[in-house]
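Student: Here's a structure for you.
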């Protein structure tokens, strides 16, 4: 018996509702990229605290996503979505009025709890509501495109709000959107359909979180000069132990949070890779570009946000097109071709740093066009190749891919640009010692000394170019790998229905 909503208006109304929730989640991943300099100055946050203001959100979310998706299979995805919206709205209020850096980091972690609770439910509700393949492909394409659009709009929203309000407004804006989404969910979402036979394993979620947090600490410590052997050793051991225990536990569980057998499906695996690499590229480019043009070129937060929003302009039409033609083309040209198209876009971004903003913006548009089509069909590849009874698990894997991509970009590329700066900077004699640690430290201690400022800008630009080159290399490798996985996967073999 079909227990989903049946009318077209209800189905598409549901899509709008869950898309609003997804937009909130993805906006909060990137909204601080433009707000971070202002927020750091107002709260007096250190460099490490600033990174954790950003990282607390994706780290906690990635650690909880697998568990929350499976919990949704047990208690019902509608209930999970509503609970997640409530927690997200409450955490947004706490973050908006946070009196200190510690409270803000804690609020960001609580935001991640709300996001992790509702995020798998957004895709799972689409999976169980849209029964017709072509409709579902388009619905998931819209859903996937919003992940790119939300990430790209974050810096714009943050910049625009900072033009008129204080930094807390970037969190306060979440509250009315969450309230509207709650009301709409009660009207259009299918009735809650729990499955008490499903088990939820908190220990697995904790093990995954320990592994991820340890990995982030290890990456960040490697960027320090010199790295602390003690911190690095503890972080690596925590990551290795947490992830090893997680894998072993999943193999023993009758109803695991993550069934590794599903990765034998090349379409599913290629979707996971494409989702992770697309967010890695988007988040990495946005982070380093908004910071570079604010700190070096003197852009306002809004101007920097508009600059990287060009990626969203390129991604939206191709994402929708990808979902519309997937049944004809199959995954290979869209997943592999999309990642491959993004590579020359990233190269244009690097070239445009010194040749002009027109070239850089063109590069952002081309990058967004490639990643948009890859992401929209990546989501379909993941959710369409899992049985409906495991929709929560599949949605969780898909969203862990997104979050892990964004998390790795912030941790790895944010640390890389700082490392290259500290290695490459050539300060004049008598410069303050702290000026060699990071560009913000150099600008804060230069006291108007143009020689220090010029040396710091040059070193940061070197770091920027190397970081962008890493993004291009990673996307090239991703295109090659997905191309190999999908080499026998034509239109007639997708989707795999269960």
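Residue numbers (this note's numbering): 54 to 551.
Beta carbons are placed, not taken as given, at the ideal position from N, Cα and C, and that holds for glycine.
Bear in mind the structure is a predicted one, so any value in this text is a computation, not a measurement.
Is DSSP giving residue 535 helix, strand or coil here?
Tutor: Counted from its first residue, the chain shown places residue 535 at position 482. Of the three classes helix, strand and coil, the one that applies to residue 535 here is helix, per DSSP.
Student: Going by beta carbon distance, what residues of the same chain come within less than 7 angstroms of residue 528, once the five residues before and after it are set aside?
Tutor: Position 475 of the chain shown, counted from the first residue, corresponds to residue 528. Contacts found: 330, 334, 392, 395, 396 and 399.
Student: When you compare only the Cα positions, how much space is there between residue 362 and residue 206?
Tutor: Mapped onto the chain shown, residue 362 falls at position 309. Mapped onto the chain shown, residue 206 falls at position 153. If I take the Cα positions, the gap works out to 6 angstroms.
Student: Once DSSP output is grouped into helix, strand and coil, what is the label at residue 151?
Tutor: Here residue 151 refers to the residue found at position 98 when the chain shown is read from its first residue. If DSSP states are grouped into helix, strand and coil, residue 151 belongs with coil.
Student: Can the beta-carbon of residue 98 be found closer than 7 angstroms to that of residue 158?
Tutor: As a first step, residue 98 must be located in the chain shown, where it is residue number 45. As a first step, residue 158 must be located in the chain shown, where it is residue number 105. For residue 98 and residue 158, no; Cβs fall outside 7 angstroms.
Student: Apart from the five residues just before and just after residue 549, which ones in its own chain have a Cβ nearer than 8 angstroms to its Cβ?
Tutor: Taking the first residue of the chain shown as 1, we reach residue 549 at position 496. With a pLDDT of 43 at residue 549, under the threshold of 50, the modelled position of that residue is not reliable, and the figure given next carries that caveat. So the qualifying residues of the chain are 318, 320, 437 and 438.
Student: Give me, in chain order, the residues of the same chain whose beta-carbon lies closer than 7 angstroms to that of residue 54; leave out the 5 immediate sequence neighbours on both sides.
Tutor: Numbered from its first residue, the chain shown carries residue 54 at position 1. A caution first: residue 54 carries a pLDDT of 36, below 50, which makes its placement in the model too unreliable to give a value.
Student: Please list the segments of the alpha helix (DSSP H) lying wholly inside the region 256 to 328, counting only runs of 4 or more residues, in order along the chain.
Tutor: 282 to 305
Student: Going by C-alpha distance, which of 350, 425 and 344 is nearest residue 370?
Tutor: Walking along the chain shown from the start, residue 370 turns up at place 317. Minimum Cα distance to residue 370 is reached at 425.
Student: For residue 281, I'd like the list of residues in its chain whose CB is within less than 7 angstroms of its CB, leaving aside the five on either flank, ordered along the chain.
Tutor: Indexing the chain shown from 1 puts residue 281 at position 228. Excluding positions up to five away in sequence, the list reads 274.
Student: Which of helix, strand or coil does DSSP assign to residue 211?
Tutor: Along the chain shown, read from residue 1 onward, the residue named residue 211 stands at position 158. Looking at residue 211 - three-state DSSP - the assignment turns out to be helix.
Student: Go ahead and pull the three-state DSSP assignment for residue 541.
Tutor: Along the chain shown, read from residue 1 onward, the residue named residue 541 stands at position 488. Residue 541: coil per DSSP, three-state reduction.
Student: Since residue 505 contacts residue 495 with CB under 8 angstroms, what's their CB separation in whole angstroms?
Tutor: As a working note, residue 505 is residue 452 in the chain shown. As a working note, residue 495 is residue 442 in the chain shown. At roughly 6 angstroms, the Cβ-Cβ gap stays under 8 angstroms, so residue 505 and residue 495 are in contact.
Student: Rounded to the nearest angstrom, what separates residue 492 and residue 514 at their Cα positions?
Tutor: Within the chain shown, numbered from 1, the residue matching residue 492 stands at position 439. Within the chain shown, numbered from 1, the residue matching residue 514 stands at position 461. Those two C-alpha atoms are separated by around 10 angstroms.
Student: Would you say the region 136 to 148 touches the region 211 to 220, given that touching needs at least three Cβ pairs under 8 angstroms?
Tutor: In this structure the region 136 to 148 does not touch the region 211 to 220; the number of beta carbon pairs closer than 8 angstroms is below three.
Student: Can you name the start and end residues of the alpha helix (DSSP H) that residue 393 belongs to?
Tutor: Translated into the one-based positions of the chain shown, residue 393 becomes position 340. Counting along the chain, the alpha helix (DSSP H) containing residue 393 begins and ends at 385 to 408.
Student: Counting only the same chain and skipping the five closest in sequence on each side, list residues whose C-beta sits under 6 angstroms from that of residue 165.
Tutor: Position 112 of the chain shown, counting from 1, holds the residue named residue 165. Only 110, 113 and 114 meet the Cβ criterion.
Student: Answer yes if the region 188 to 196 comes into contact with the region 67 to 79, meaning at least three C-beta pairs across the two stretches below 8 angstroms, and no otherwise.
Tutor: yes
Student: Just how far apart, CA to CA, sit residue 241 and residue 60?
Tutor: Along the chain shown, one-based indexing puts residue 241 at 188. Along the chain shown, one-based indexing puts residue 60 at 7. Between the alpha carbons of residue 241 and residue 60 lies a gap of roughly 10 angstroms.
Student: Using three-state DSSP, classify residue 458 as helix, strand or coil.
Tutor: Here the question's residue 458 lines up with position 405 in the chain shown. Helix at residue 458.
Student: By Cβ distance, which residues of its chain are closer than 7 angstroms to residue 461, with the 5 residues on each side in sequence left out?
Tutor: The residue you call residue 461 lines up with position 408 of the chain shown. Only 333 meet the Cβ criterion.
Student: Could you check if residue 286 is buried or exposed, using at least 16 other CB atoms within 10 Å of its CB as the buried criterion?
Tutor: One-based indexing of the chain shown puts residue 286 at position 233. So residue 286 counts as exposed.
Student: With 16 other CB atoms within 10 Å as the buried threshold, where does residue 368 fall?
Tutor: Working through the chain shown from its first residue, we reach residue 368 at position 315. So residue 368 ends up on the buried side.
Student: Pairing CB atoms from the region 470 to 489 with CB atoms from the region 517 to 525, are three or more of them under 8 angstroms?
Tutor: yes
Student: Determine the direct distance from the alpha carbon of residue 536 to that of residue 547, and round the result to whole angstroms.
Tutor: Taking the first residue of the chain shown as position 1, residue 547 is located at position 494. Taking the first residue of the chain shown as position 1, residue 536 is located at position 483. Note that residue 547 scores a pLDDT of 45, beneath 50, so its modelled location is shaky; the value from the coordinates is reported in the next line. So the alpha carbons of these two residues sit roughly 15 angstroms apart.
Student: Does the region 83 to 93 come close enough to the region 208 to 216 that 3 or more CB-CB pairs lie under 8 angstroms?
Tutor: Judged by pairs of C-beta atoms under 8 angstroms, the region 208 to 216 touches the region 83 to 93, as three or more such pairs exist.
Student: Going by DSSP, what residue range makes up the alpha helix (DSSP H) through residue 75?
Tutor: Taking the chain shown and counting its residues from 1, one reaches residue 75 at position 22. It spans 61 to 83 - the alpha helix (DSSP H) in which residue 75 sits, taken as one unbroken run.
Student: Can you tell which of 374, 378, 171 and 76 has its C-alpha closest to the C-alpha of residue 129?
Tutor: Numbered from 1 along the chain shown, position 76 holds the residue referred to as residue 129. Checking every option, the nearest Cα to that of residue 129 belongs to 171.
Student: Can you give me the C-alpha to C-alpha distance between residue 449 and residue 408, rounded to a whole angstrom?
Tutor: Locating residue 449 in the chain shown gives position 396, counting from the first residue. Locating residue 408 in the chain shown gives position 355, counting from the first residue. Taking the straight line from one Cα to the other gives about 42 angstroms.
Student: Tell me, to the nearest whole angstrom, how far the beta carbon of residue 203 is from that of residue 92; I am working on the premise that it is less than 8 angstroms.
Tutor: By one-based count along the chain shown, residue 203 stands at place 150. By one-based count along the chain shown, residue 92 stands at place 39. Between residue 92 and residue 203 the Cβ distance is about 20 angstroms, and since that is not below 8 angstroms, they are no contact.
Student: So, with DSSP's three-state summary, where would you put residue 203?
Tutor: Within the chain shown, numbered from 1, the residue matching residue 203 stands at position 150. In the structure shown, residue 203 sits in a helix (DSSP, three-state: H, G or I).
Student: Could you pull the start and end residues of the alpha helix (DSSP H) that residue 224 belongs to?
Tutor: One-based indexing of the chain shown puts residue 224 at position 171. Note, residue 224: alpha helix (DSSP H), 222 to 225.
Student: Measure from the alpha carbon of residue 266 to the alpha carbon of each residue in 177, 375 and 296, then state which is nearest.
Tutor: Start at 1 with the first residue of the chain shown, and residue 266 comes out as number 213. The shortest C-alpha separation from residue 266 is found at 296.
Student: Which residue from 453, 150 and 525 puts its Cα closest to that of residue 122?
Tutor: Taking the first residue of the chain shown as 1, we reach residue 122 at position 69. Out of 453, 150 and 525, 453 has the C-alpha closest to the C-alpha of residue 122.
Student: Measure the C-alpha to C-alpha separation of residue 348 and residue 336 and round it to an integer number of angstroms.
Tutor: The sequence position of residue 348 within the chain shown is 295, counting from 1. The sequence position of residue 336 within the chain shown is 283, counting from 1. CA-to-CA, the gap between residue 348 and residue 336 works out to about 18 angstroms.
Student: Identify which residue in 484, 298, 541 and 340 has its Cα closest to the Cα of residue 260.
Tutor: Within the chain shown, numbered from 1, the residue matching residue 260 stands at position 207. When each option's Cα is compared against that of residue 260, the closest is 298.
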